[in-house]
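One line per chain: the protein sequences are A and B, in this order. Just so it is clear: in the first sequence, position 98 is 89 by the working numbering, and no numbers are missing. Just so it is clear: in the second sequence, position 46 is 37 by the working numbering, and no numbers are missing. Here's the structure, in structure tokens; my notes come after.
2 protein chains.
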Amino acid sequence: MVDEVTEQLNRAFAALADPTRRDLVARLAGADATVGELAQPYGMSLQAVSKHVKVLEEAGLVVRSKEAQRRPVHLDAEVFDLMTKWIERYRREAEQRYQRLDAVLDRMAVSEGDTSEDQTS
Amino acid sequence: MVDEVTEQLNRAFAALADPTRRDLVARLAGADATVGELAQPYGMSLQAVSKHVKVLEEAGLVVRSKEAQRRPVHLDAEVFDLMTKWIERYRREAEQRYQRLDAVLDRMAVSEGDTSEDQTS
DNA sequence: GTCATTGTCAACCGTCTGGTTGATAACGCT
DNA sequence: AGCGTTATCAACCAGACGGTTGACAATGAC
Chain A
-8 MVDEVTEQLN
2 RAFAALADPT
12 RRDLVARLAG
22 ADATVGELAQ
32 PYGMSLQAVS
42 KHVKVLEEAG
52 LVVRSKEAQR
62 RPVHLDAEVF
72 DLMTKWIERY
82 RREAEQRYQR
92 LDAVLDRMAV
102 SEGDTSEDQT
112 S
Chain B
-8 MVDEVTEQLN
2 RAFAALADPT
12 RRDLVARLAG
22 ADATVGELAQ
32 PYGMSLQAVS
42 KHVKVLEEAG
52 LVVRSKEAQR
62 RPVHLDAEVF
72 DLMTKWIERY
82 RREAEQRYQR
92 LDAVLDRMAV
102 SEGDTSEDQT
112 S
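As structure tokens, then:
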């Protein structure tokens, strides 16, 4: 295995990059639904929606429970955690760095007359 | 315009679906860097990395300031907010619904002796 | 001016993606 | 058993994606 979390994130971000799939997620957040119900509002074949659901499923964002010939689709929020944690981590780092930059600029303002060029960092 | 936020999210999620680009973001969270510096660790041409940076830029995740012939790349955390807000909204909805389901199951457990089959919901 | 450095642009290539249509499977109903 | 409903599978297609190589633009250094 190359890295399970990496592949999970690949699939999850890719899944949510499609607006139709984000809309599916949005609707499934409100209530479970069958593929047929989900397909209703879009000008798109049932097969296309079925494929979208499959992508969401492989990304772990959704589970399908087999119930007769219907397969109600249910949103599984767990992978969302993984995504928000990844995003938040780097957002926070970047913000902290931004604030450190502010501090540096403040210090530079104090020792303003320093025109030597030897700090390459 | 079809919907600016939608397109923004399309680009942002798609950008982060690639592990190389997530790694770029991770490194840029620590410090700004030039395309050349960024390209170092990967077994990949400079042009390929340049393309990745371009994708990140068009997703609004990164800005490039022109400074001589170098173009230091800087992480812009703002779009991250949009993504986390989107994710968190539906995660929360789904969780609330999950808890309502629990409540329903509790009520069903109370009226347990009811063996009539007519509630189809 | 000439040269080295840094990076982008353009064309190409194989693969993945998002859609289509047609056939088929699985189940409930009568 | 036969039919209708629900959904998946398979083949196909156009376009996007991630990489390559080669040419070129822009700037700093000599």
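Cβ coordinates follow ideal geometry from the N, Cα and C atoms, glycine included.
Looking at residue i: is its Cβ nearer than 8 Å to the Cβ of residue j?
| i | j | result |
| --- | --- | --- |
| A8/B | F71/A | no |
| E69/B | R2/B | no |
| P63/B | D23/B | yes |
| L29/A | V16/A | no |
| T75/B | E(-5)/A | no |
So, under 8 Å CB-CB, residue i and residue j are touching, yes? Tell me the CB distance rounded to an integer number of Å.
| i | j | result |
| --- | --- | --- |
| A85/A | A20/B | 5 Å |
| V53/B | L66/B | 6 Å |
Output the distance between the C-alpha atoms of residue i and residue j, rounded to the nearest integer angstrom.
| i | j | result |
| --- | --- | --- |
| H43/B | R82/A | 19 Å |
| P32/B | R12/A | 34 Å |
| P10/A | L0/B | 8 Å |
| V26/A | A6/A | 17 Å |
| E(-2)/A | L73/A | 12 Å |
| A94/A | S56/B | 21 Å |
| Y89/A | R18/B | 15 Å |
| R91/B | M35/A | 32 Å |
| G51/B | Q87/B | 32 Å |
| L37/A | W77/B | 26 Å |
Where do the N-terminal and C-terminal ends of the alpha helix (DSSP H) with residue i fall, by residue?
| i | result |
| --- | --- |
| L0/B | E(-5) to L7 |
| L52/A | Per DSSP, L52/A belongs to no alpha helix (DSSP H) and is neither H nor E. |
| T11/A | P10 to G21 |
| A30/A | V26 to A30 |
Worksheet item: In chain order, what residues of the stretch 11 to 35 of chain A put their CB closer than 8 Å to some CB of chain B?
Response: R13, V16, A17, L19, A20, G21 and A22
Practice prompt. Output, in sequence order along the chain, the residues in the stretch 63 to 84 of chain A whose CB is closer than 7 Å to any CB in chain B.
Written response: L66, A68, F71, M74, T75, I78, E79, Y81, R82 and E84
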